[in-house]
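Worksheet: one structure, shown below.
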Amino acid sequence: MDPLLFLAVVADSVSGLAHVAGEADPAGLLPARQQMALSLGWHIVLACFGVAFPAMIFTMHLIGIRRDDRDALLLARKWAKVSAVLFAIGAVSGTVLSFEMGLLWPGLMGTYGDVLGLPFAFEGLAFFIEAIFLGIYLYGWDRMPPARHLLMVVPMAVTGVVGTFCVIAVNAWMNAPVGFELVDGEVRNIQPWAVLLNPDAFWQFLHMWVAAYMVAGFTIASVYAVGMLRGRRDRPHRLGFTLAFAFASVSAVVQPLVGHLLGSRLAETQPTKLAAFELATETESPSPLRLGGLLVDGEVRWSIDVPHLGSLLARNSFTKPVEGLSSFPVEDHPPVNITHLAFQSMVGIGTLLMVAAVVFWVARWRGHDLMERRWFLRFAAVTGGLAVVAMEAGWIATEVGRQPWVVYGFMRTHEAAGENSGLWWLLGVTAVVYTLMTVGAIVVLRSMARRWRAGEVDLPSPYGPQAQGPGHSTSAEAAEEPVR
59 MDPLLFLAVV ADSVSGLAHV AGEADPAGLL PARQQMALSL GWHIVLACFG VAFPAMIFTM
119 HLIGIRRDDR DALLLARKWA KVSAVLFAIG AVSGTVLSFE MGLLWPGLMG TYGDVLGLPF
179 AFEGLAFFIE AIFLGIYLYG WDRMPPARHL LMVVPMAVTG VVGTFCVIAV NAWMNAPVGF
239 ELVDGEVRNI QPWAVLLNPD AFWQFLHMWV AAYMVAGFTI ASVYAVGMLR GRRDRPHRLG
299 FTLAFAFASV SAVVQPLVGH LLGSRLAETQ PTKLAAFELA TETESPSPLR LGGLLVDGEV
359 RWSIDVPHLG SLLARNSFTK PVEGLSSFPV EDHPPVNITH LAFQSMVGIG TLLMVAAVVF
419 WVARWRGHDL MERRWFLRFA AVTGGLAVVA MEAGWIATEV GRQPWVVYGF MRTHEAAGEN
479 SGLWWLLGVT AVVYTLMTVG AIVVLRSMAR RWRAGEVDLP SPYGPQAQGP GHSTSAEAAE
539 EPVR
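For the sequence shown, my numbering assigns the number 59 to the initial residue and increments by one for each residue that follows.
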């Protein structure tokens, strides 16, 4: 498990005790928290490829058609097959998640299910359309006219974005609820479209959308960086690295601005989360930016304070204060240290990746090819992992920072859980299944890579010996076969 994801599980467990000691937690609360942390933390990585990979495949395929570039076409073909493997695994983990909302959080879905039904329905529809066009695109190689074949990627890209937006809209609604009225404890006057049209949904989705390109771009670039470190300096490796790193670089440069615009809304929508992000125990005007530090016995220790910068970054002002935790009831405080450290981890790693991207392209503009420098390739080889950690840290900050609320200001997390103590068994089974899927994905993708390096192009299956017989070429014939 990712270290930050493990911290999220621990933080969720701790935050479950945030309400008054002595209150009995539902038996299903703790396993439900850990199940969601595991499932979402695992699935979100695959979701990034579902969002970003189609656009990267489209660009590589377009380069191949426009320039009659065989290397680019072969890369697009290979990337599409990798995308299919990841999509298949993501379908399993996504199906698990679709059942978990009702199973783990009956109080939430029983009360607010009618509010959230529309975005979940659209997400399911988008998933099926994406699967259909992925199949058409994979089957269409050498069977469809090039331009028409290329256009089959467009619905994949669009539906991947639409499906992700619908899920993010639900999460944004949990952070800033809209579209209903609570009358005598009953949800009435439901406006289903309000969840999708929520302004917070747009900004939170934009933040996640850009993060998806960072994760997918840097991860793919990392694979090619490792290959080049092992001596494979051919044009396909350089082309694959350059295109993937270009997508990741643009995202890394844009992300701080998007994150700032999203964060600037927290003072109005979730002030306690903002206080935890900034480690603000008291309201100060102007507020400092605290780098590092922990809250120990109600006091901030070991932090580096930069005067005024906290107000500037959080409130777009040199004087506006960040409201401190002391302004809110203790029972409404999130787990402060985990929220603060996760937020700063996300920002710190994102800044490092942004600097690396700028250095690479400035050096390239000045005639220096950093792909020839082993020190840069070593760093590039870990950028994918860093991007994943940054994204996980961002989600930990978002979700743990909302505690103790599942629907901010309306329903606490312990009120959403059920009494099913058997969920511990479900957590154990899910952990085993996800472990097996992870191992399976690694085995299959490594097998595909070995066969591609051996000269095979059209893999009849992503594993096992090469099929023989009518309609199947040998590896030598496949290497010579023109790609249209």
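Ideal Cβ positions, reconstructed from N, Cα and C, are used throughout, including at glycine.
Item	Value
Reduced DSSP category for SER519 - H, G, I as helix; E, B as strand; rest coil	Unreliable positioning characterises SER519 in this predicted model, as indicated by a pLDDT of 49, which lies under 50. The coordinate reading is nonetheless provided below. Coil at SER519, not helix or strand.
7 Å Cβ shell around GLY198 - same chain, five flanking residues per side excluded	HIS207, MET210
Euclidean distance between Cα positions of MET429 and THR300	9 Å
Spatially closest choice to GLY168 from ALA474, ALA146, ASN478, by CA coordinates	ALA474
C-beta atoms of GLY356 and GLU336 nearer than 8 Å	no
contact_flag[the region 432–452, the region 263–273] where n(CB pairs < 8 Å) is 3 or more	yes
Bridge-paired residues (DSSP) for LEU349	ILE362
Cβ-based burial, ALA334 [other Cβ within 10 Å; buried from 16]	buried
Unbroken alpha helix (DSSP H) run spanning VAL236, endpoints	Per DSSP, VAL236 belongs to no alpha helix (DSSP H) and is neither H nor E.
Proximal residues to ILE187 (C-beta, below 8 Å), its chain only, five neighbours per side dropped	PRO213, THR217
Backbone secondary structure at ARG201 - three-state DSSP	coil
For TYR492 and GLY480, the rounded distance between their alpha carbons	19 Å
Neighbourhood of ASP351 by C-beta, 8 Å cutoff - its chain only, sequence neighbours within 5 removed	Inspection of the sequence shows that residue 351 is occupied by Gly rather than by Asp. Cβ within range, chain order: LEU337, VAL358, ARG359, TRP360, SER361, ILE362, HIS398.
Pairwise C-alpha distance: ALA415 and VAL268	15 Å
Unbroken stretches of the alpha helix (DSSP H), 4 residues or longer, contained in the region 74–137	87–124
Under the three-state DSSP convention, the category TRP463 falls into	strand
Beta-carbon contacts of LEU174 that lie in its chain and below 6 Å, excluding the five residues immediately before and after	VAL228
Burial state of GLY459, where buried means 16 or more other Cβ atoms lie within 10 Å	buried
Start-to-end residues for the alpha helix (DSSP H) that takes in VAL281	257–287
Cβ distance (whole Å) where LEU104 is taken to contact PRO177 below 8 Å	20 Å between Cβ atoms; not a contact.
Continuous beta strand (DSSP E) stretch holding ARG424: start and end	Looking at the DSSP string, ARG424 is not in any beta strand (DSSP E), and its letter there is neither H nor E.
THR397 CB to nearest heavy atom of the ligand COA below 7 Å	What this structure holds is no ligand at all, so the ligand COA is not there to describe.
MET210 - DSSP class collapsed to helix/strand/coil	coil
Beta strand (DSSP E) segment containing VAL35, residue limits	The requested residue 35 does not occur in the structure, where the chain is confined to residues 59 to 542.
Nearest to ARG246 (by Cα), restricted to the options LEU435, LEU349, ASP172	ASP172
Where ASP129 falls, given that 16 or more other Cβ within 10 Å makes a residue buried	buried
Secondary structure of GLU477, DSSP reduced to three states	coil
Cβ pair count under 8 Å reaching 3, the region 310–320 against the region 462–472	no
Distance between MET114 and GLY442 (C-alpha atoms, nearest Å)	16 Å
DSSP beta-bridge partners of GLN470	Note that residue 470 is Arg in the sequence shown here, rather than Gln. For ARG470, which the question treats as bridged, DSSP gives the partners TRP463.
Beta-carbon proximity list for ALA85, same chain, < 6 Å, skipping 5 on both sides	GLU477, SER479
Same chain only: Cβ atoms within 8 Å of PHE376, ignoring 5 sequence neighbours per side	PRO344, HIS366, SER369, LEU370
Reduced DSSP secondary structure (H/G/I, E/B, other) of GLU514	coil
Outcome for GLN313 when other beta-carbon atoms lying within 10 angstroms are tallied against a minimum of 16	buried
Close Cβ partners of ASP127 (< 7 Å) along its chain, the five nearest in sequence each way excluded	ILE121
Alpha-carbon spacing of GLU538 relative to ASP292, whole angstroms	Summary for GLU538: the model assigns pLDDT 34, below 50, so the residue's position carries little reliability; its value from the coordinates is reported in the next sentence. Those two C-alpha atoms are separated by around 17 Å.
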